[in-house]
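Colleague:
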Amino acid sequence: MSIQNVMVIGAGQMGSGIAQVCAMAGYNVLVNDLKEEFVLKGLASIEKNLQRQVDKQKLTADQKQEILSRLKPSADLQDAAGTDLVIEAAVENMAIKTDIFAKLDKITPETTILATNTSSLPITEIAAATNRPEKVIGMHFMNPVPVMKLVEIIRGLATADEVYQSIEDMTKTLNKIPVEVNDFPGFVSNRILMPMINEAIYTLYEGVAEKEAIDEVMKLGMNHPMGPLTLADFIGLDTCLYIMETLHEGFGDDKYRPCPLLRKYVKAGWLGRKTGRGFYSYE
Ligand code: CAA
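Structure, rendered in structure tokens:
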């Protein structure tokens, strides 16, 4: 299965990062979102990232232009008709994802692979919205996408071996390291990361230590690049809550119960860096 033309759905932080690394690897990339203004915002952030690399002399100005020329805006899902691979990075909502996948199933040729960047939703359930579950797969990139080496590749129940192989090979062309996992809530990354972050929030909630102290312990004591509360702000507290709820519901075990303080912050609209306030302030 040869992949040359890719559509990335969702031009937010994850989608634009995925589009950037695909374009840098030489793929033709359609960056799709509901409105053109969202796409243009995503493209502007890619341009800014690439310019930083030019300033650091890691890319030439010509290379930057060449990469940008491979990125095309799209505000119409029908544009997926000519693609070999679609990577969906829309919001973490099952109804929205199944709707997108059902549409893509009708729009794209039957050879097109449909991948999702979901951080915890079942691939098997997303695949069931299509008539090609064997061509549906999880490609879970990490934030910030241009920097992080890992892509968790998740096999749905029906994912075909040759589809898995194509996606593993394609991931390597992005200069990323694929790791194969099976389809269980949170996969491997968020099954382990999110309960740690949730526990850090409980530690704050129960007054065990101040937020800065909790982050310092994990940074200096465990050599993590960011403390868990800083990382939660970076990921987005709404995303953290959503993943904890998916784990709680998926396993039915109270050890995954989201911390009430996390719920409170999300209700207040304190979602982390993206809203200027989470555990820390960013204004
Ligand atoms: N986009 C692109 N590049 C970025 C970036 C961004 N948002 N943020 C940093 N970088 C680049 C910098 O330009 C710099 O590049 P060079 O080496 O080429 O100069 C490099 O990353 C290092 O950046 P800094 O020196 O500014 O800062 P740092 O050394 O503190 O690294 C970090 C920043 C990479 C974000 C680091 O703090 C880190 O690794 N944090 C943890 C990230 C993490 O855990 N991510 C996973 C989150 S979970 C997830 O994504 C999955 C999920 O489902 C929730």
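Note that numbering that gives the first Met the number 0 has the sequence shown beginning at 0, numbered continuously upward. Every residue, glycine too, gets a C-beta built ideally from N, C-alpha and C.
Could you have a look at ARG272 and say whether DSSP puts it in helix, strand or coil?
Modeller: It is helical.
Colleague: Would you report the Cα separation of GLU179 and ILE125, rounded to the nearest angstrom?
Modeller: Whole-angstrom Cα-Cα distance: 18 Å.
Colleague: Compute the beta-carbon to beta-carbon distance between ASP182 and PRO121, rounded to the nearest angstrom, for a pair I have assumed lies under 8 Å.
Modeller: The Cβ separation is near 6 Å, so the contact holds.
Colleague: Jot down the residue ranges of each uninterrupted beta strand (DSSP E) in the region 175–202, minimum 3 residues, whole runs only, in chain order.
Modeller: Taking only runs of at least 3 residues, the beta strand (DSSP E) segments lying wholly in the region 175–202 are 176–181.
Colleague: Tell me the DSSP secondary structure of ARG154 in three-state form.
Modeller: It is a strand residue.
Colleague: Using three-state DSSP, classify MET221 as helix, strand or coil.
Modeller: Residue state, collapsed to three classes: helix.
Colleague: For ASN27, which of helix, strand or coil comes out of DSSP?
Modeller: Residue state, collapsed to three classes: strand.
Colleague: Around the Cβ of MET217, are there at least 16 other Cβ atoms within 10 angstroms (buried) or fewer (exposed)?
Modeller: Classification of MET217: buried, given that the 10 Å Cβ count is 16 or more.
Colleague: Nearest to ILE153 by alpha carbon, out of ALA127, ALA128, THR115 and ASN142?
Modeller: Comparing Cα-Cα distances from ILE153 to each of ALA127, ALA128, THR115 and ASN142, the minimum goes to THR115.
Colleague: What separation, rounded to the nearest whole angstrom, lies between the Cα atoms of GLU282 and THR170?
Modeller: So the alpha carbons of these two residues sit roughly 36 Å apart.
Colleague: Please look up how many angstroms separate the CB atoms of ALA159 and GLU133, rounded, as I've assumed it's under 8 Å.
Modeller: ALA159 to GLU133, Cβ: 4 Å. Contact.
Colleague: Using only alpha-carbon positions, find the residue among THR82, GLY41, GLN50 and MET141 that is nearest to PRO72.
Modeller: Measuring from the Cα of PRO72, the nearest candidate turns out to be GLY41.
Colleague: In its own chain, which residues sit with a C-beta less than 8 Å from the C-beta of ARG272, not counting the 5 before and 5 after it?
Modeller: Same-chain partners within the cutoff: ASP232, PHE233, GLY235 and TYR281.
Colleague: Closest to LEU240 by C-alpha separation, out of LEU270, ILE66 and LEU29, would be which residue?
Modeller: Of LEU270, ILE66 and LEU29, the residue nearest in Cα terms is LEU270.
Colleague: Jot down the residue ranges of each uninterrupted beta strand (DSSP E) in the region 106–139, minimum 3 residues, whole runs only, in chain order.
Modeller: Listed in chain order, the complete beta strand (DSSP E) runs (minimum 3 residues) inside the region 106–139 are 112–115.
Colleague: Sort out for me which residues DSSP pairs PHE72 with in a bridge.
Modeller: Checking the sequence shown, residue 72 turns out to be Pro, not Phe. Bridge partners of PRO72: VAL30.
Colleague: In three-state terms, what does DSSP make of GLU91?
Modeller: Three-state result, GLU91: coil.
Colleague: Alpha carbon to alpha carbon, how far is THR111 from LYS148?
Modeller: For THR111 and LYS148, the distance between alpha carbons rounds to 25 Å.
Colleague: How is ASN48 classed by DSSP in three states: helix, strand or coil?
Modeller: Helix, per DSSP.
Colleague: I'd like to check one pair, VAL30 with ALA10: are the Cβ atoms closer than 8 Å?
Modeller: It is a contact, given that the beta carbons lie within the stated cut-off.
Colleague: Evaluate contact between the region 192–208 and the region 48–60, counting only Cβ atoms and requiring at least three cross-stretch pairs below 8 Å.
Modeller: At 8 Å Cβ cutoff, the stretches do not touch.
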